[in-house]
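The structure under discussion appears below in the form of structure tokens.
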Amino acid sequence: MEVEQYPFVRELIADTEGNIQQVVLDFNDYQHLLEAIEDESLILAMKEVQNETPLSISEALAELEKERLLHRKDIYRYFP
Numbered sequence: 001m002e003v004e005q006y007p008f009v010r011e012l013i014a015d016t017e018g019n020i021q022q023v024v025l026d027f028n029d030y031q032h033l034l035e036a037i038e039d040e041s042l043i044l045a046m047k048e049v050q051n052e053t054p055l056s057i058s059e060a061l062a063e064l065e066k067e068r069l070l071h072r073k074d075i076y077r078y079f080p
């Protein structure tokens, strides 16, 4: 595989058998790739709930509080 085949790639580092083990990217390109992945994840999450009925602010806050308390119980299970 050649570096020219991959956008953003500056260098491919392979093992002795020629298998790519590491990829060197420009840091700005790396940040752009992370942003694109985050954007895609947000789009997928939005599609997943698009047919759900939105919660009111008070309902949403109550759900968050319930999750916080459940999470807290889980933490104390590991740290008595």
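Residues in the sequence shown are numbered consecutively from 1, following my numbering.
Note that beta-carbon positions come from the ideal geometry of N, C-alpha and C, so glycine has one too.
For residue i, three-class secondary structure by DSSP
i, result
"L86", "Examination of residue 86 is not possible in this model, given that the chain is present from 1 through 80 alone."
"Q50", "coil"
"E11", "strand"
"Y30", "helix"
Residue(s) in a DSSP beta bridge with residue i
i, result
"L61", "Its beta-bridge partners do not exist; DSSP assigns none."
"I22", "This sequence places Gln at residue 22; Ile is not what is there. Q22 is bridged to I13."
Beta-carbon proximity list for residue i, same chain, < 7 Å, skipping 5 on both sides
i, result
"Q22", "I13"
"E38", "none"
Given residue i as reference, the closest of the options once Cα atoms are compared
i, options, result
"V24", "S41, L70, E2 and E38", "E2"
C-beta neighbour in chain C for residue i, strict 9 Å
i, result
"R68", "Given the protein chain composition of this structure (a single chain), no chain C is represented."
Are at least three pairs of beta-carbons, each pair with one atom in the region 2 to 12 and one in the region 24 to 44, less than 8 Å apart?
Pairwise C-beta distances place the region 2 to 12 in contact with the region 24 to 44, as three or more of them are shorter than 8 Å.
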